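Data first, discussion second: the structure below is written as structure tokens.
Protein chains: 2
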Amino acid sequence: MMPAAAFDIATSRPDAAPEFSPRQQVVLQHALTLLVDGGEKALTTAGLARTASCSKESLYKWFGDRDGLLAAVVAYQASQVQFPSETGATADPETFKAHVSAFVEALLGVLFSETSLALNRLSIGQSNTNSNRLGHLLLVRGKHMISARARNMLETGRRHGLLKFDDAEDAYQVLYGLAIRDVHIRLLLGEAASPAEKDLKAQAEMAVGRFYQLFGA
Amino acid sequence: MMPAAAFDIATSRPDAAPEFSPRQQVVLQHALTLLVDGGEKALTTAGLARTASCSKESLYKWFGDRDGLLAAVVAYQASQVQFPSETGATADPETFKAHVSAFVEALLGVLFSETSLALNRLSIGQSNTNSNRLGHLLLVRGKHMISARARNMLETGRRHGLLKFDDAEDAYQVLYGLAIRDVHIRLLLGEAASPAEKDLKAQAEMAVGRFYQLFGA
DNA sequence: AAGAGTCCGAACCGTACGGTACGGTTCTCT
DNA sequence: AGAGAACCGTACCGTACGGTTCGGACTCTT
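So the sequence lines, in the order shown, correspond to chains L and W.
Mapped onto the working numbering, the consecutive letters of the first sequence carry residue numbers 3 to 219.
Mapped onto the working numbering, the consecutive letters of the second sequence carry residue numbers 3 to 219.
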């Protein structure tokens, strides 16, 4: 037999269609749950087979090996993340600014969710092994997708004369830094978020306000 | 016997004096090296004993168990990190701003070093086990120490009328965000830093410039 | 000089987990 | 209805690693 799935996941285009069968998605969801409360050590093949009521043989048939399973979990979760659409967001300056705030709030919502934290912990823990499949997956299917959308949003803001910057990537990174600060790493390390940090809307608006001080036209 | 060392490390005050014997420090340095290139899995008790030419018995005697060893590595490395002193840094506005830049540059230098990255990866990977000893250690002995010094620095800047803000912690977090952006998490995930991101001095000055736009008096 | 203490090196044990094999059951297709 | 695939459950194997034990060498103290 060949562990085809493991290879496909790493190399297929992000918009590849079917990806996983419904049954497999159920199993991956179980894997994700195990991972969220318990960390990587809690996700054993035997444990997942028991929890998801499937056989280990099926796991190995579908995902090749344990690494393939982990990669599949990452890919599956990445495919679940959705961002609000941005149609007609530049109608007027206020709407655009509100739209940027909404984007940042969604970003915070994703990054601070237990699921995202668990997958980031997993990928980071594995980042110096396996030629770093997981880290790349998370970056390509997660961060880079988001950053592309963000750059796009900021560019339209600039075209409409609402923002002023030279490099969209640079501007986005500043926006990211203003919004996330060191909260992400602290959450990854297991510290709880403060009440103020849990008010994502307020945090987003504060960050966008400061961003406009730096890059507003 | 009792694994005294493991307990002491977690509960002793950060300024406790001797901490580790020279021989133990050599062993911990070997452990750190193993950890930096190879990740957590590369740090096995047998492997460390071989590399450091000591017996496993000594490891268990000194550090209690493997977790105690990991905690000792974190504590040891934290004790190695030194920041430049800040005597007479508020002589005039230029000097102070340069001092802030130097602080940020030092911060970047620490956070982006392979050693720090390896320990962060380790702590993050363990953050949902062991009641999270490592994460707390890293936060208390690392981040919180640094943030205290930073707040102190910013406060003196404010007292001298050079900066303007309500909450020093808030201001520091903004400075942190402007300097680090998403580079830290990307490095943790195994992505290489871009050439521009490796120019720590330029990155620090850019961040401080923006910080002054927001908080300069 | 002898006893105690420290440490190295190696052998050993138990276990947990990744991976495989197999018998039995259900579902699908013709 | 019958062949065949997919799949579940379980038992099994090999290995890697955490932790313990022990013999022997070296040092320090009295």
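Note that beta-carbon positions come from the ideal geometry of N, C-alpha and C, so glycine has one too.
Quantities reported herein were computed from a predicted structural model and do not represent experimental measurements.
Item, Value
"Helix, strand or coil at I11 (chain W) according to DSSP, with G and I counted as helix", "Here I11 (chain W) scores only 44 on pLDDT, less than 50, and its place in the model is too uncertain to base an answer on."
"Residues of its chain near T47 (chain W), where Cβ-Cβ distance is below 7 Å and the 5 sequence neighbours each way are ignored", "K58, L61, R68"
"Exposure of A77 (chain L), with buried meaning 16 or more beta-carbon neighbours within 10 Å", "buried"
"Straight-line Cα distance separating L121 (chain W) from V112 (chain W)", "12 Å"
"Residue range of the unbroken alpha helix (DSSP H) whose run includes N154 (chain L)", "146 to 161"
"Pick from W:A73, W:Q128, W:L37, W:F114 that is closest to G41 (chain L), judged by C-alpha positions", "W:Q128"
"Cβ-based burial, N130 (chain W) [other Cβ within 10 Å; buried from 16]", "buried"
"Any C-beta of chain W under 7 Å from that of S57 (chain L)", "no"
"Beta carbon proximity, S129 (chain L) to chain W, threshold 7 Å", "yes"
"Burial state of E96 (chain W) (16 or more Cβ within 10 Å)", "exposed"
"Neighbouring residues, chain W, relative to V176 (chain L) (Cβ below 8 Å)", "L180, R183, R212"
"Anticipated Cβ contact below 8 Å, A73 (chain L) with L124 (chain L), distance rounded", "Contact doesn't hold; Cβ gap of about 10 Å is too wide."
"Within chain W, partners of R188 (chain L) - CB distance below 8 Å", "L141, K145"
"Sequence-distant residues of the same chain with beta carbon closer than 8 Å to L190 (chain L), five excluded per side", "L119, N122, R123, I126"
"Cut-off 8 Å between Cβ atoms - residues of its own chain near Y174 (chain W), not counting five sequence neighbours on either side", "S149, A152, R153, L156"
"For L191 (chain L), the three-state DSSP class (helix, strand or coil)", "coil"
"Alpha helix (DSSP H) runs contained entirely in the region 99 to 145 of chain W, provided each spans 4 or more residues", "116 to 127, 135 to 140"
"Contact list for L216 (chain L) against chain W, beta-carbon separation under 8 Å", "R212, Q215, L216"
"Buried or exposed (CB count within 10 angstroms, at least 16 for buried), K99 (chain W)", "buried"
"M4 (chain W) in three-state terms, based on DSSP", "Unreliable placement is indicated for M4 (chain W), whose pLDDT of 37 sits below 50; the coordinate value is still reported in the next sentence. Of the three classes helix, strand and coil, the one that applies to M4 (chain W) here is coil, per DSSP."
"CB contact flag (A209 (chain W), A181 (chain W), <7 Å)", "yes"
"Buried/exposed call for G137 (chain W), threshold 16 Cβ in 10 Å", "buried"
"Under the three-state DSSP convention, the category G70 (chain W) falls into", "helix"
"G218 (chain W) in three-state terms, based on DSSP", "strand"
"Range covered by the alpha helix (DSSP H) that runs through R183 (chain L)", "Per DSSP, R183 (chain L) belongs to no alpha helix (DSSP H) and is neither H nor E."
"Straight-line Cα distance separating L165 (chain W) from D201 (chain L)", "27 Å"
"Residues of its chain near S103 (chain W), where Cβ-Cβ distance is below 6 Å and the 5 sequence neighbours each way are ignored", "A206, E207, V210"
"Interface flag, G137 (chain W) vs chain L, CB-CB below 7 Å", "yes"
"Residue-chain proximity (I126 (chain L), chain W), Cβ-Cβ < 7 Å", "yes"
"Cβ pair C56 (chain W), V75 (chain W) closer than 7 Å", "no"
"Where Q26 (chain L) falls, given that 16 or more other Cβ within 10 Å makes a residue buried", "buried"
"CB contact flag (H101 (chain W), A91 (chain W), <7 Å)", "yes"
"Within 7 Å, strictly: CB atoms of H32 (chain L) and A51 (chain L)", "no"
"Residue environment, D184 (chain W), which counts as buried when at least 16 other CB atoms sit within 10 Å", "buried"
"Burial state of Q79 (chain W) (16 or more Cβ within 10 Å)", "buried"
"7 Å Cβ cutoff, L110 (chain L) in contact with chain W", "no"
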